[in-house]
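Chemist:
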Amino acid sequence: MRRTNSLSTFLFFLLIILPFSAGLIYALLYSFGLIGILNHGFTVENWKAVLSSGETVRSFLFTLYIGIVSLVIAASLAMLYIIMGKKKQTGGASYFIYLPLTVPALVAAFFTFQFLSKSGFVSRVLNSIHQTNGIVGFPDWVNDSFGVGIIVTHVMLALPFFIILFQNYYHSEKMETLRELSATLGSSTSQFNRKILIPVLLKKTAAPLVLYFIFILGSYEIPLLLGQQDPQMVSVLVNRKLSRFDLSEIPQGYIIAILYTLVVSLLLFFIIKLKNRPHAPPV
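Numbering follows my numbering, with no gaps: position 43 of the sequence shown is 34.
1. Out of Asn134, Ile213, Ile205, Leu193, which has the shortest C-alpha to C-alpha gap to His145?
2. Would you list, in sequence order, the uninterrupted alpha helix (DSSP H) runs of no fewer than 4 residues that lie entirely inside the stretch 189 to 258?
3. In this structure, does DSSP put Pro91 in helix, strand or coil?
4. I need the boundaries of the alpha helix (DSSP H) containing Leu153, first residue and last residue.
5. How big is the Cα-Cα spacing for Ile88 and Ile26?
6. Output yes or no for whether 8 Å exceeds the beta carbon distance between Ala197 and Leu265.
7. Where do the N-terminal and C-terminal ends of the alpha helix (DSSP H) with Lys39 fall, by residue?
8. Would you give the residue range spanned by the alpha helix (DSSP H) that Arg170 belongs to?
9. Please check the pair Leu200 and Leu55, which I expect to be a contact at CB under 8 Å, by giving their CB distance rounded to whole angstroms.
10. Under the three-state reduction of DSSP, which class applies to Pro272: helix, strand or coil?
11. Confirm, please, whether the CB-CB distance from Val227 to Gly218 is below 8 Å.
12. Would the stretch 119 to 136 and the stretch 247 to 263 be scored as touching if the rule is three or more Cβ pairs under 8 Å?
13. For the ligand ATP, I want to know if Asn(-4) counts as a neighbour, meaning its beta carbon is within less than 7 Å of at least one of the ligand's heavy atoms.
14. Mind checking which residues open and close the alpha helix (DSSP H) that includes Gln105?
15. Which residue wins for smallest C-alpha separation from Thr278, given the options Leu42, Leu6, Tyr21, Ser43?
16. Who are the Cβ neighbours of Lys232 in its own chain at under 6 Å, not counting the five residues just before and after it?
17. Using only CA atoms, which one of Leu188, Leu150, Leu193, Gly58 lies nearest to Lys165?
18. Report the rounded CA-to-CA distance for Pro273 versus Ile262, giving the unit in angstroms.
19. Just how far apart, CA to CA, sit Thr168 and Asn267?
20. Excluding the 5 residues flanking Ala66 on each side, which residues of the same chain have their C-beta closer than 7 Å to its C-beta?
21. Check the C-beta distance from Ile28 over to Leu238 and give it rounded, since I have them as a contact under 8 Å.
22. First and last residue of the alpha helix (DSSP H) that includes Arg49?
23. Checking 8 Å against the spacing of the C-beta atoms, do Pro91 and Leu148 come in under that value?
24. So, under 8 Å CB-CB, Val113 and Phe106 are touching, yes? Tell me the CB distance rounded to an integer number of Å.
25. In the DSSP assignment, find the alpha helix (DSSP H) that holds Asn118 and state where it starts and stops.
26. Which residues mark the beginning and the end of the alpha helix (DSSP H) in which Pro276 is found?
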């Protein structure tokens, strides 16, 4: 057993920790001008440029906004699905609900674009029934400043995952038994949902919810197709700076990637603390 654990630790270090650390060190050296084609020695000018750039701040705020709104909407809809009594889905309905889990992110983004863009399906239907004045009268739901298309796509992909997650914990925590017990003690359905069901499920799924939040923050294909030029989500901004012909922006791309890594590391630290937090003793 000890030998197996040692081998697992070595493989984890070799395949995950070492490449990640090497990439992070390379990015740090590049950002400080110690390596790179156009770099000529230690400098902090790249860091000053990024930290004082309104583009960077807007990108991080927009990314957090997309992550929070998408997570809250998807989790709320999944919780509502459980509250409405859909504890277990079988038959054809289950295939329909879980179908988005099989759809790649890029395909989902393209689907949203075809439906919600000014020349998309919804716009054409509304125009055909004389509810809008053509393309001009249809609202900007794709490539807009509020990221509506990005949020809709993330919610569509996350909803079935959260439904499965909440359903599993609903059964593992024996919520149906608790519901019957609370009803015996005189509790109403709304009281049970507010004081027992929702708090218990959110507490048990806190770590997976934060992990999915991190996944949304790092998504690339969806904001690339459905987002606008400014602000951009962090992943799109980093790729843009690293792939431009202007080599002077490459260090800035690495710096933004480092800052994003720090944010994600703090979130992972929060998850670890959350998982290791001692449970209160029963009264």
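The beta-carbon is built from N, C-alpha and C at its ideal position, and this holds for glycine as well.
Modeler: Let me spell this out:
1. Ile213
2. 189 to 195, 197 to 208, 212 to 217, 225 to 234
3. helix
4. Reading the sequence as shown, one finds Phe at residue 153 and not Leu. Element bounds for Phe153: 139 to 163.
5. 50 Å
6. yes
7. 36 to 42
8. 166 to 175
9. So it is not a contact: roughly 15 Å between Cβ atoms.
10. Summary for Pro272: the model assigns pLDDT 43, below 50, so the residue's position carries little reliability; its value from the coordinates is reported in the next sentence. Of the three classes helix, strand and coil, the one that applies to Pro272 here is coil, per DSSP.
11. yes
12. no
13. With respect to small molecules bound, the structure shown includes none, and the ligand ATP cannot be examined in it.
14. 96 to 107
15. An answer regarding residue 278 cannot be provided, because it is not within the stretch -8 to 274 covered by the chain.
16. Glu240, Gln243, Gly244
17. Leu188
18. Interpretation of Pro273 is limited by its pLDDT of 40, a score under 50 that renders its predicted location unreliable; the figure taken from the coordinates is listed afterwards. So the two alpha carbons sit approximately 23 Å from each other.
19. 27 Å
20. Phe153, Leu200
21. 6 Å
22. 45 to 74
23. yes
24. 6 Å
25. 112 to 119
26. Past the boundaries of the shown model lies residue 276; the chain is included only from -8 to 274, so the question cannot be answered.
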